[in-house]
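Quick note on the numbering used here: the sequence shown kicks off at 11 and runs consecutively.
Every residue gets a Cβ at the ideal spot worked out from N, C-alpha and C, and that includes glycine.
Everything on this sheet refers to the single structure shown next.
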Amino acid sequence: MKKRTGIIGVLIAILVLGIGYAAVSGVDLLVNGTANVKVDDANFKVHYDQSANPTITMGDGVVNTATVTATYTDDLHATINVDGFTKRGDKATVVYTIVNESEDIDATLSSPEIDEFDTEYFNVTATLGKEELAKGGDTTTLTVVVEAIKTPTVDDVSTNINITVPADPVL
11 MKKRTGIIGV LIAILVLGIG YAAVSGVDLL VNGTANVKVD DANFKVHYDQ
61 SANPTITMGD GVVNTATVTA TYTDDLHATI NVDGFTKRGD KATVVYTIVN
111 ESEDIDATLS SPEIDEFDTE YFNVTATLGK EELAKGGDTT TLTVVVEAIK
161 TPTVDDVSTN INITVPADPV L
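See the structure below:
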């Protein structure tokens, strides 16, 4: 019986210690969840600066009846119309301003892409002042030059001018 009482005493002691230990053991406090940020194209704000009118320069020797108009139709579209050239060497230059108003996204502009045009009578070039635009209002220029390279002798000649400047966010 003493042996039994001793075993029962040891079991009770183990049980009391186990319950006591459980009562003072630590707990895990957890926080679970997710975070999400979505792509919004409105955050990438590279566009023509409509507050700065395009600058137009006529080449030397162009007849004074020749006209060049250049406008911005919206943030992403501009126009150029050249009329009245009469001979080889007549040239007009238009400078547009491009701005990056993104708050926290830098931009890279790729070289201007010029669609096909009448290369027998015209030369059209487009160049960027720089290809990297920092966030927060950095600007560059797009310079477009239209030049008559051949004098028409029978009929008037015209061509379409389409230039694309790809702008991409810097990742």
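- Residue pairing for D148: DSSP places it in a beta bridge opposite N110.
- Assignment of D51 by DSSP, reduced to helix, strand and coil, places it in the helix class.
- Contact annotation, A102 with Y131: C-beta distance approximately 14 Å; criterion of less than 8 Å not satisfied.
- Separation of K145 and T161 (C-alpha to C-alpha, rounded to the nearest whole angstrom) is 45 Å.
- Residue pairing by DSSP puts I124 in a beta bridge opposite I173.
- In the three-state reduction of the DSSP assignment, N74 falls in the coil class.
- In the same chain as T129, and ignoring 5 residues on each side of it, no C-beta atom comes closer than 6 Å to its own.
- Between T107 and D59 a beta carbon distance of about 4 Å is seen, short of the 8 Å cut, so the two are scored as contacting.
- When the alpha-carbon of T67 is set against those of G147, V78 and E113, the nearest one is in V78.
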